[in-house]
Ligand SMILES: C[S@@+](CC[C@H](N)C(=O)[O-])C[C@H]1O[C@@H](n2cnc3c(N)ncnc32)[C@H](O)[C@@H]1O
């Protein structure tokens with residue numbers, strides 16, 4: 001058994017864990033506590049797969065962009081501990097109310113993940129739990145300015161330029177690496193954008209920021225974006241627009257898997 005998960009290799013054929021780099025997810029898992037109503041959330045299958053693949057029971061999953069808590073609820077149902085950050089306090093209060101697993105801890109911190117001070121608070125929490133590190137980080141940042149989450153200038157979706165967005169994202173990565181256990185994993189979930197007649201490969205830019213910080217790229221997973229809320233029920237008009245122009249419609253996003261050396 002790999003030392004970073006609980007997969008029983010004696011029963012490998014029965015494993016629900018996906019091992020291909022193409023994830024076609026036909027439908028959002030709407031079971032359990034996931035309401036799915038937060039615009040900008042990801043499907044629960046993403047953290048579910050990552051947590052099973054890269055953590056053991058009672059490891060700590062870390063998420064510096066908690067949003068509506070999709071990762072929190074998956075950590076809860078898979079009996080992992082969780083620490084998460086978001087700039088929006090209300091979201092965190094709502095998630096906390098929904099957690100009823102008493103055997104693991106679920107710490108939700110309101111703060112700016114680009115700031116060292118926020119991570120000083122995370123380190124204090126770790127000390128309180130007599131832990132030194134987290135074992136898996138899942139980062140699902142805003143896709144730059146595609147969707148504005150708040151009006152705050154600490155919000156990455158309000159970064160003044162692509163350069164500034166990438167600098168801020170790099171700070172979040174650096175802070176996250178400072179609490180991540182060696183030989184463990186970090187995943188970035190992100191899509192691209194299209195602006196002023198040009199495809200902006202936001203995913204690859206973010207991947208590059210992680211590589212610049214010395215992380216080892218282990219996988220580039222392509223995930224379908226079926227049922228994207230902005231495009232739902234508008235497939236015909238999107239197809240017409242694409243045919244009338246020269247571009248392709250976004251149907252995928254990326255999950256980059258890195259190992260910390
Ligand atoms: C793409 S959403 C994450 C959605 C989440 N995975 C879910 O399924 O609900 C990005 C989140 O990052 C938060 N955010 C933006 N800038 C931030 C910052 N500097 N520090 C912490 N959180 C931030 C936003 O409030 C938003 O909730």
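Residue numbers (this note's numbering): 1 to 261. Ideal Cβ positions, reconstructed from N, Cα and C, are used throughout, including at glycine. Keep in mind it's a predicted model, so treat the numbers as computed, not measured.
Compute the minimum distance between the beta carbon of residue i and the heavy atoms of ligand 1, and state whether it is under 8 Å.
i, result
"residue 100", "no"
"residue 157", "yes"
"residue 82", "no"
"residue 88", "yes"
"residue 42", "yes"
"residue 140", "yes"
"residue 65", "yes"
"residue 68", "yes"
"residue 172", "yes"
"residue 91", "yes"
"residue 205", "no"
"residue 145", "no"
"residue 107", "no"
"residue 113", "yes"
"residue 149", "yes"
Just how far apart, CA to CA, sit residue i and residue j?
i, j, result
"residue 12", "residue 45", "19 Å"
"residue 125", "residue 60", "12 Å"
"residue 202", "residue 214", "19 Å"
"residue 101", "residue 93", "16 Å"
"residue 219", "residue 172", "20 Å"
"residue 110", "residue 244", "45 Å"
"residue 123", "residue 8", "32 Å"
"residue 39", "residue 185", "27 Å"
"residue 193", "residue 148", "14 Å"
"residue 242", "residue 18", "32 Å"
"residue 131", "residue 212", "28 Å"
"residue 180", "residue 135", "6 Å"
Whose CA, out of the options, lies closest to the CA of residue i?
i, options, result
"residue 99", "75, 112, 189", "75"
"residue 90", "69, 133, 163", "69"
"residue 259", "188, 67, 23", "188"
"residue 129", "27, 58, 31", "58"
"residue 54", "143, 5, 71, 144", "5"
"residue 138", "164, 165, 109, 176", "176"
"residue 81", "49, 133, 32", "133"
"residue 106", "153, 197, 71, 170", "71"
"residue 195", "186, 40, 161, 255", "161"
"residue 84", "56, 141, 31, 29", "141"
"residue 96", "33, 1, 261, 183", "33"
"residue 47", "20, 78, 37, 27", "78"
"residue 28", "87, 42, 257, 121", "42"
"residue 87", "235, 63, 104, 226", "63"
Are the beta-carbon atoms of residue i and residue j separated by less than 9 Å?
i, j, result
"residue 35", "residue 65", "no"
"residue 168", "residue 156", "yes"
"residue 223", "residue 25", "yes"
"residue 165", "residue 145", "yes"
"residue 143", "residue 197", "no"
"residue 247", "residue 221", "no"
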